[in-house]
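Here the structure is laid out as structure tokens; the discussion comes afterwards.
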Amino acid sequence: AVPLQIQNEHLRVLFDSDTGLISEIQNLDRDITLPITQNFYWYNASSGNGASSQASGAYIFRPNGSEPFPIAKAVHTHLVQNTLVQEVYQNFSSWCSQVVRLYVGQRFLELEWTVGPIPIDDNYGKEIISHFKTPLETGGLFYTDANGREILERRKDSRETWKLNQTEPVAGNYYPVNSRIYIKDKRIQLTVLTDRSQGGSSLLNGSLELMVHRRLLFDDQRGVGEPLLEFGEHGKGLVIRGRHLLFLDNVEVSADLHRLQAQEEFMAVQTVFSPGGGSPYQKK
Amino acid sequence: KGDSSTLKRAMAVAQHHDAVSGTEKQHVANDYARRLAAGWDSCQVLISNALASLMGRKEHFVFCNLLNISVCPLTATSSRFLVILYNPLVRSVRWNVRVPISGLVYEVTDPRGQKVPSEVVPVSNFTRVVSRGQALASSELIFQASVPPLGFSTYSVDKLAVVRLPRTRAQQELHRAK
Numbered sequence: 100a101v102p103l104q105i106q107n108e109h110l111r112v113l114f115d116s117d118t119g120l121i122s123e124i125q126n127l128d129r130d131i132t133l134p135i136t137q138n139f140y141w142y143n144a145s146s147g148n149g150a151s152s153q154a155s156g157a158y159i160f161r162p163n164g165s166e167p168f169p170i171a172k173a174v175h176t177h178l179v180q181n182t183l184v185q186e187v188y189q190n191f192s193s194w195c196s197q198v199v200r201l202y203v204g205q206r207f208l209e210l211e212w213t214v215g216p217i218p219i220d221d222n223y224g225k226e227i228i229s230h231f232k233t234p235l236e237t238g239g240l241f242y243t244d245a246n247g248r249e250i251l252e253r254r255k256d257s258r259e260t261w262k263l264n265q266t267e268p269v270a271g272n273y274y275p276v277n278s279r280i281y282i283k284d285k286r287i288q289l290t291v292l293t294d295r296s297q298g299g300s301s302l303l304n305g306s307l308e309l310m311v312h313r314r315l316l317f318d319d320q321r322g323v324g325e326p327l328l329e330f331g332e333h334g335k336g337l338v339i340r341g342r343h344l345l346f347l348d349n350v351e352v353s354a355d356l357h358r359l360q361a362q363e364e365f366m367a368v369q370t371v372f373s374p375g376g377g378s379p380y381q382k383k
Numbered sequence: 011k012g013d014s015s016t017l018k019r020a021m022a023v024a025q026h027h028d029a030v031s032g033t034e035k036q037h038v039a040n041d042y043a044r045r046l047a048a049g050w051d052s053c054q055v056l057i058s059n060a061l062a063s064l065m066g067r068k069e070h071f072v073f074c075n076l077l078n079i080s081v082c083p084l085t086a087t088s089s090r091f092l093v094i095l096y097n098p099l100v101r102s103v104r105w106n107v108r109v110p111i112s113g114l115v116y117e118v119t120d121p122r123g124q125k126v127p128s129e130v131v132p133v134s135n136f137t138r139v140v141s142r143g144q145a146l147a148s149s150e151l152i153f154q155a156s157v158p159p160l161g162f163s164t165y166s167v168d169k170l171a172v173v174r175l176p177r178t179r180a181q182q183e184l185h186r187a188k
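Note that the protein sequences, when read in sequence, are chains A and B. All residue numbers for the first sequence refer to the working numbering, where the first residue is 100 and numbers rise by one. All residue numbers for the second sequence refer to the working numbering, where the first residue is 11 and numbers rise by one.
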């Protein structure tokens, strides 16, 4: 009955005792508490409909509805608690899992997800998202980066320089996320650093989503001539492992955190091993 | 001879053709992967040469490309190895190192010969599945390393023998009772 939790000097993360999903993040330094639910969902890829024959494909993201389906409503969890690292393993399905990780001294929460091979036995193409739901009053605004440089403000169902006739309620609000996406209210900012370029959006107030993987059954007729089936080396579709880094802090200081951490992620330390016992070496 | 131009060319081709977005036929995607792998192979020689020059020692450097799924034959099978960390940033960083291993107790020492706190955690079942039997490691060794700006740190890792301690009097009593 006691909720699962992990904690270091800066952050405390609570998990719902019924679902096993993240339920709250606390920034202990600033006394910020944010109820948050994170889960994986899938959009059913469109094969074309009455409005348009356009299918979702490699070039085109076009779900056939606005409501994504949860991969699991509750997950199996497993806690590993040590001094240097604390981890909660979440098993969403046979093809989707996540490790929620906090290292000692770390100011961000690490989510390491493993997704795939995406099953297509049911003849539905699937576009998998990681979704964050918070009570932040974001007013339809969210922020994405442009190649890690300028952060651009995005407004739902709107474009800055022309009057938009929104015909795709999901895809029409998706933007490229090269390195980070965030939402904020007047006081609190939730930032997610990605480890690769992904599509992302905020379709509801206080929500944030990132597409992590997709597998499709139809070609989008843009020249490839093949659906995005991703057979991979074993003919069953690709397994993708990636990381999202979550920062929860004041609006004023968030940039200091995510910009420095992004440098460490994108100019990462190179790890090399050696059995040792080498010989002296001189340039000349 | 190390050479980064092969990887430069492969990256240029990939970026020009949006290779990573999947907007190509499967056999073309396979070719992009082959080009990138060949590029990284020759870059590894370049990095090895650069590290040898910086360290003043020529080592047999091993690059474990599948560390994210806990696959590294060298560290999983060796009782002693070095972890060399190069930091390309102009400020020092603390880096959480995760190394696939197969033992229970290890000792990690920093470049000054001081012991560093470390922990061993088991490899998850999911990682075992996705590594498709490539993982020789049963666990991962975790420690925090410090790497100087535009420089490197070398940490040495030693596998320690697990000493079976004699039973205490209480344990003997318990054993006898069982």
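C-beta atoms are modelled at their ideal positions from N, C-alpha and C, and glycine is treated no differently. All of these numbers come straight from a predicted model, not from anything done at the bench.
Residue i lies in the beta strand (DSSP E); which residues open and close that run?
| i | result |
| --- | --- |
| M310 (chain A) | 306-314 |
| D348 (chain A) | 339-349 |
| L56 (chain B) | L56 (chain B) -> not in any beta strand (DSSP E); alpha helix (DSSP H) instead, spanning 36-65. |
| A110 (chain B) | The question names Ala, but residue 110 (chain B) in the sequence shown is Pro. Run containing P110 (chain B): 103-111, per the beta strand (DSSP E) assignment. |
| C195 (chain A) | 195-202 |
| E209 (chain A) | 208-214 |
| K262 (chain A) | Unbroken run through K262 (chain A): none, as it is neither H nor E. |
Among the options, which one has its Cα closest to the Cα of residue i?
| i | options | result |
| --- | --- | --- |
| A173 (chain A) | A:R279, A:V184, A:C195 | A:C195 |
| V311 (chain A) | A:R342, A:Q320, A:R321 | A:R342 |
| A441 (chain A) | A:F346, A:R358, A:G376, A:R314 | Nothing about residue 441 (chain A) can be read from this structure; chain A reaches only from 100 to 383. |
| R321 (chain A) | A:I131, A:G156, A:L103 | A:G156 |
| G113 (chain B) | B:L170, B:Q25, B:Q181, B:R67 | B:L170 |
| V323 (chain A) | B:S31, B:K11, B:V23, B:Q25 | B:S31 |
| K11 (chain B) | B:Q25, B:A155, B:L56 | B:L56 |
| D128 (chain A) | A:E363, A:D115, A:S378, A:D348 | A:D348 |
| P134 (chain A) | A:Y140, A:A144, A:L120 | A:L120 |
| V133 (chain B) | B:D28, B:M65, B:S148 | B:S148 |
| E308 (chain A) | A:Y274, A:D318, A:A144 | A:Y274 |
| K232 (chain A) | A:S306, A:G376, A:D355, A:P326 | A:S306 |
Do residue j and residue i count as a contact pair if the criterion is CB distance below 8 angstroms?
| i | j | result |
| --- | --- | --- |
| F162 (chain B) | T213 (chain A) | no |
| S373 (chain A) | F153 (chain B) | no |
| A272 (chain A) | L302 (chain A) | The question names Ala, but residue 272 (chain A) is Asn in the sequence shown. In this structure, L302 (chain A) lies closer than 8 angstroms to N272 (chain A) by Cβ. |
| L292 (chain A) | Q360 (chain A) | yes |
| V131 (chain B) | V184 (chain A) | yes |
| E150 (chain B) | S80 (chain B) | yes |
| V118 (chain B) | T370 (chain A) | no |
| R254 (chain A) | Y242 (chain A) | no |
| E226 (chain A) | P162 (chain A) | yes |
| Y142 (chain A) | I250 (chain A) | no |
| H94 (chain A) | N138 (chain A) | The question about residue 94 (chain A) has no answer, for chain A in this structure spans 100 to 383. |
| I124 (chain A) | V187 (chain A) | no |
| A95 (chain B) | V368 (chain A) | The sequence given here has Leu at residue 95 (chain B), not Ala. Taking 8 angstroms as the Cβ cut-off, L95 (chain B) and V368 (chain A) qualify as a contacting pair. |
| S278 (chain A) | F365 (chain A) | yes |
| I170 (chain A) | S145 (chain A) | no |
| T136 (chain A) | S116 (chain A) | no |
| D23 (chain B) | R44 (chain B) | It should be noted that the sequence gives Val, not Asp, for residue 23 (chain B). No, the Cβ-Cβ distance between V23 (chain B) and R44 (chain B) is not below 8 angstroms. |
| D319 (chain A) | I131 (chain A) | no |
| Y380 (chain A) | R67 (chain B) | yes |
| L328 (chain A) | N222 (chain A) | no |
State the CB to CB distance for the pair residue i and residue j, rounded to an integer number of angstroms; the pair is presumed to be in contact (CB under 8 angstroms).
| i | j | result |
| --- | --- | --- |
| L208 (chain A) | V112 (chain A) | 6 angstroms |
| P98 (chain B) | L160 (chain B) | 7 angstroms |
| P167 (chain A) | Y140 (chain A) | 4 angstroms |
| V167 (chain B) | V109 (chain B) | 7 angstroms |
| V269 (chain A) | S165 (chain A) | 6 angstroms |
| Y165 (chain B) | A155 (chain B) | 6 angstroms |
Tell me where the alpha helix (DSSP H) around residue i begins and ends.
| i | result |
| --- | --- |
| R138 (chain B) | 135-140 |
| K18 (chain B) | 15-26 |
| H185 (chain B) | 179-187 |
| A86 (chain B) | 83-87 |
Just the chain C side, please: which residues come within less than 7 angstroms of residue i by C-beta, in chain order?
| i | result |
| --- | --- |
| W105 (chain B) | Included in the structure are the protein chains A and B, with no chain C among them. |
Taking one C-beta from the stretch 281-291 of chain A and one from the stretch 191-206 of chain A each time, how about it: are there three or more such pairs within less than 8 angstroms? no
Sufficient close CB pairs (3 or more, under 8 angstroms) joining the stretch 13-28 of chain B to the stretch 39-53 of chain B: yes
I want to know whether the stretch 71-85 of chain B touches the stretch 123-132 of chain B - three or more CB-CB distances under 8 angstroms. no
Whether or not the stretch 334-349 of chain A and the stretch 27-36 of chain B are in contact is what I'm after, with contact meaning three or more pairs of Cβ atoms, one per stretch, closer than 8 angstroms; do they touch? no
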